[in-house]
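Below is one structure, written out as structure tokens; the observations come after it.
2 protein chains.
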Amino acid sequence: MSGYELAKTFDSSIGFFWKADHQQIYRELSKLRDRGHIEGHEVVQSGKPNKLVYTLTADGRAALRHWGARPSTPPMIKDDLLVRLCALDSFDVEPLRADLMARLEHHRDRFAHYERILNKLFPDGVATTVADTGKLLGLRIGLRHERMVAEWCEEALSAISKPPGVLLLEDCRRENNG
Amino acid sequence: MSGYELAKTFDSSIGFFWKADHQQIYRELSKLRDRGHIEGHEVVQSGKPNKLVYTLTADGRAALRHWGARPSTPPMIKDDLLVRLCALDSFDVEPLRADLMARLEHHRDRFAHYERILNKLFPDGVATTVADTGKLLGLRIGLRHERMVAEWCEEALSAISKPPGVLLLEDCRRENNG
DNA sequence: CCCGTTATTTACCGTAACGCGAAAAAGTCA
DNA sequence: TGACTTTTTCGCGTTACGGTAAATAACGGG
Numbered sequence: 018m019s020g021y022e023l024a025k026t027f028d029s030s031i032g033f034f035w036k037a038d039h040q041q042i043y044r045e046l047s048k049l050r051d052r053g054h055i056e057g058h059e060v061v062q063s064g065k066p067n068k069l070v071y072t073l074t075a076d077g078r079a080a081l082r083h084w085g086a087r088p089s090t091p092p093m094i095k096d097d098l099l100v101r102l103c104a105l106d107s108f109d110v111e112p113l114r115a116d117l118m119a120r121l122e123h124h125r126d127r128f129a130h131y132e133r134i135l136n137k138l139f140p141d142g143v144a145t146t147v148a149d150t151g152k153l154l155g156l157r158i159g160l161r162h163e164r165m166v167a168e169w170c171e172e173a174l175s176a177i178s179k180p181p182g183v184l185l186l187e188d189c190r191r192e193n194n195g
Numbered sequence: 018m019s020g021y022e023l024a025k026t027f028d029s030s031i032g033f034f035w036k037a038d039h040q041q042i043y044r045e046l047s048k049l050r051d052r053g054h055i056e057g058h059e060v061v062q063s064g065k066p067n068k069l070v071y072t073l074t075a076d077g078r079a080a081l082r083h084w085g086a087r088p089s090t091p092p093m094i095k096d097d098l099l100v101r102l103c104a105l106d107s108f109d110v111e112p113l114r115a116d117l118m119a120r121l122e123h124h125r126d127r128f129a130h131y132e133r134i135l136n137k138l139f140p141d142g143v144a145t146t147v148a149d150t151g152k153l154l155g156l157r158i159g160l161r162h163e164r165m166v167a168e169w170c171e172e173a174l175s176a177i178s179k180p181p182g183v184l185l186l187e188d189c190r191r192e193n194n195g
């Protein structure tokens, strides 16, 4: 693809867990070209300026496979909300509650959104190709994640609404089985 | 605290979702001091070099409260494993399966670790102070997260082990209720 | 023919957040 | 003296970004 096409289709592919504007895409393409991983070939167009379509070189494909065989690094959570919770007594509760409610809505929205995509792409819940299996699994962890965080937001809201000490064993047991 | 003390205690406090080595801590302390948010006072010690203990200024405390009232930004997942899944057909399956198994073990370990901390800090599952409530909630989302990812790893392993198309409605239903 | 619009790429500026390797300074103990 | 701990600092680099703008190239309307 060309940089322009990548920029346009980025959001609808891996855009849910990775953001990149067009500048960064062009930058990364330049880096890859400099390293010999990709090659750009001009494609003449009528009615529009020509575009520079990049394709993997043999070297690039090898590097890709090599990268694909590397162990992944489990990412950190890195949510500033968690830092706030770590020092909960240093902050006002009300804005935090508002934030938690906004977050709850946000994660519910994302969950619904992923669900729509899932129903659209995999109405039977079945992936027929290897590529589809990967995309389906990506959707699955997205769904799980949003549902998990949304549930946690509810728990957090009820915990900070009551005076401390009212988060009881009962809640724990419900959570540990849920 | 002093930079040295912060560096030592960082891992056992918010260290699970935020990493910082001592250099970065000193750097951030310098920034905060330059902005007037903290003040350093030398504390004489016997048997060791003196230390520079930093304390919040009134300005710093105000800035902290202001920061605490800001809406949080929901972080992206940003797991390179997900990128691999998005282009699953471009990679070899075996290293990916190995990676998934390592990840499964990793997240199970973290889950067990959080559970131990939870049982140690909150043997009754009850937080008695506001500060404890925050820490408990942090542990809770950590537990939820590790359990969720571990379950997803199992699902992913079974999905990539079978030929495509065998990830059935049955699995979906189990997940959507689980 | 100028002008505005879309498509496509590039240049140049900056920032935050980090890692690495080293070393300085101050003290202890063998 | 030399090795080791404690505490702080310096100077180098990188990755991964964001913003603003401009440079092309082609189209169509007035």
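In order, the protein sequence lines correspond to chains A and B.
If you count the first sequence from 1, you need to add 17 to reach the working numbering.
If you count the second sequence from 1, you need to add 17 to reach the working numbering.
Even for Gly, the Cβ is constructed at its ideal location relative to N, Cα and C.
By the Cβ neighbour-count rule, A:Asp-116 is buried, with 16 or more other Cβ atoms within 10 Å of its own.
Under the Cβ criterion of 8 Å, A:Asp-28 is not counted among the residues facing chain B. A:Met-93 has a beta carbon lying within less than 8 Å of a beta carbon in chain B. Beta-bridge annotation (DSSP): A:Gly-57 is paired with A:Tyr-71. Minimum Cα-Cα distance from B:Arg-161 among the listed residues B:Leu-113, B:His-54, B:Asp-38 and B:His-124 corresponds to B:His-124. The beta carbons of A:Leu-98 and B:Ser-89 sit closer together than 8 Å.
Put simply, the backbone Cα of A:Ala-104 is about 41 Å away from that of A:Asn-136. Remark: C-beta atoms of B:Arg-127 and B:Glu-168 do not approach each other more closely than 8 Å. Within its own chain, the residues whose Cβ lies closer than 8 Å to the Cβ of B:Ser-19, once the five positions on either side in sequence are excluded, are Val-60, Lys-68, Leu-69, Val-70 and Tyr-71, listed in chain order.
According to DSSP, A:Ser-63 shares a beta bridge with no other residue. One finds nothing in chain B with a Cβ atom closer than 8 Å to the Cβ of A:Ile-42; even the nearest lies about 15 Å away. DSSP places A:Lys-152 in the uninterrupted alpha helix (DSSP H) bounded by 147-178.
Within chain A, the C-beta atoms nearer than 7 Å to that of B:Ala-176 come from Thr-150 and Leu-154, in chain order.
B:Ser-107 carries a helical assignment under DSSP once its states are collapsed to helix, strand and coil.
When C-beta distances to chain A are compared with 8 Å, the residues of the segment 115-130 of chain B below that value are Ala-115, Asp-116, Ala-119, Arg-120, His-123 and His-124, in chain order. Proximity to A:Arg-133 across A:Ala-24, A:Leu-156, A:Leu-121 and A:Thr-26 peaks at A:Leu-156, based on C-alpha coordinates. For B:Ser-19, the secondary structure class from DSSP, reduced to helix, strand or coil, is strand. Annotation for A:Lys-48: the continuous alpha helix (DSSP H) segment containing it runs 39-51. In this structure, the CA atom of A:Arg-44 is about 14 Å from the CA atom of A:Glu-22. With at least 16 other beta carbons inside 10 angstroms of its own, A:Leu-102 counts as buried.
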